[in-house]
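Student:
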Amino acid sequence: MGACCRVATNFALHDVRLVTPECDWQGPEARLYAKGPAVAVHQSVRAENSLAAAVVGCQAVVGFSRRTGELRRASISTAEIGGLRSRGLTALVFGREDVGLSREELSSCTHVCTFATAEQMPSLNLSHSVAVAVSRVYEEVSGCPVATVPGAVSMEELEALFEHWQNAILDAGISGDGKPERMMLHIRRLLLRASLTKTEFGILRTYLSKTQVALGTKINRP
31 MGACCRVATN
41 FALHDVRLVT
51 PECDWQGPEA
61 RLYAKGPAVA
71 VHQSVRAENS
81 LAAAVVGCQA
91 VVGFSRRTGE
101 LRRASISTAE
111 IGGLRSRGLT
121 ALVFGREDVG
131 LSREELSSCT
141 HVCTFATAEQ
151 MPSLNLSHSV
161 AVAVSRVYEE
171 VSGCPVATVP
181 GAVSMEELEA
191 LFEHWQNAIL
201 DAGISGDGKP
211 ERMMLHIRRL
221 LLRASLTKTE
231 FGILRTYLSK
241 TQVALGTKIN
251 RP
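For the record, in the sequence shown the residue sitting at position 31 is 61 according to our numbering, with numbers rising by one throughout.
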């Protein structure tokens, strides 16, 4: 943890958050590696009880994963992450030292990123992953002005949209087995790639509500 705080400070990142930590992240070993200005970053670390709580207020959430698969397919490169600043606050999410990010956690990210490593030793430890990622992002954004895109949709709003969509799937009986989770994984990826504006978000919420009214289920669901 101390090493990660030091790396964050090296590249001008000062808001570090931990999700359900199981280590002694405030202990002497962590403090040993958080030197100089990194001490202040380490002391300001916030521990959260969920990933959703940790990314509150973010408009873009980039999860880093080495493993591959349909839902782990990279959707953005490190060189492109800087461009997300125009949408608003961006979170960079790294997994556990031993197992990385879970499938569910990656599905909660707006983007998935990976970087090439040698087959002989493909996985990096946590602090090294953070160092590689944030150094590349810093190179891209250092000295570059941010052109803000108005009307970006927050993660809280997106989660509300996903819940609404899942309810509509159940109401319409589209999932067949009554378990829409797998369908929702694909819908989530589709909508997260779309970078919805507030107007587009409102149109989708209205469409889902009108669909539920037509089905006669709106009164039973939020």
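Ideal placement from N, C-alpha and C gives every residue a C-beta, glycine not left out.
Please identify the residue among Pro51, Phe231, Leu154 whose C-alpha is closest to the C-alpha of alanine 190.
Tutor: Checked all of Pro51, Phe231, Leu154; the closest Cα to alanine 190 is Phe231.
Student: Is valine 91 closer than 8 Å to isoleucine 106 when the C-beta atoms are compared?
Tutor: The answer is no: Cβ separation not under 8 Å.
Student: Which residues mark the beginning and the end of the alpha helix (DSSP H) in which leucine 245 is found?
Tutor: That run of the alpha helix (DSSP H) goes 228-245.
Student: Are the CB atoms of alanine 121 and cysteine 88 within a distance shorter than 8 Å?
Tutor: Contact: yes.
Student: Tell me, which residues are paired with valine 92 by DSSP?
Tutor: Valine 92 is bridged to Leu122, His141.
Student: According to DSSP, which residues form a beta bridge with glutamate 78?
Tutor: Partner(s): Val49.
Student: Could you tell me which residues DSSP puts in a beta bridge with glycine 130?
Tutor: According to DSSP, which records beta bridges pairwise, glycine 130 is partnered with Arg126.
Student: Can you give the Cα-Cα distance for arginine 251 and valine 164, rounded to whole angstroms?
Tutor: Low local confidence applies: a pLDDT of 49 at arginine 251 is under 50, so the model's placement there is unreliable, with the coordinate-based value given in what follows. Answer to the nearest angstrom: the Cα atoms are 42 Å apart.
Student: When you compare each of Pro51, Ala42, Leu154 to phenylalanine 145 by their alpha carbons, which one comes out closest?
Tutor: Considering only alpha carbons, the answer is Leu154.
Student: Using 8 Å for Cβ pairs, my map puts valine 123 next to leucine 81. What's the rounded Cβ distance?
Tutor: Their Cβ separation, rounded to whole angstroms, is 7 Å, which keeps valine 123 and leucine 81 in contact under 8 Å.
Student: Let me make sure I understand the geometry here. Which of Thr50, Leu48, His72 has the alpha-carbon closest to that of glutamate 59?
Tutor: For glutamate 59, the nearest C-alpha among the options comes from His72.
Student: Beta-carbon within less than 7 Å of glutamate 127's beta-carbon, same chain only, minus the 5 sequence neighbours each way: which residues are those?
Tutor: Excluding positions up to five away in sequence, the list reads Asn155, Leu156.
Student: Figure out for me which residue from Pro67, Glu149, Met31 has the closest Cα to the Cα of glycine 57.
Tutor: Closest by alpha carbon: Met31.
Student: Could you have a look at arginine 251 and say whether DSSP puts it in helix, strand or coil?
Tutor: Per-residue confidence for arginine 251 stands at a pLDDT of 49, beneath the threshold of 50, marking its modelled position as unreliable; the derived number appears in the next sentence. Coil at arginine 251, not helix or strand.
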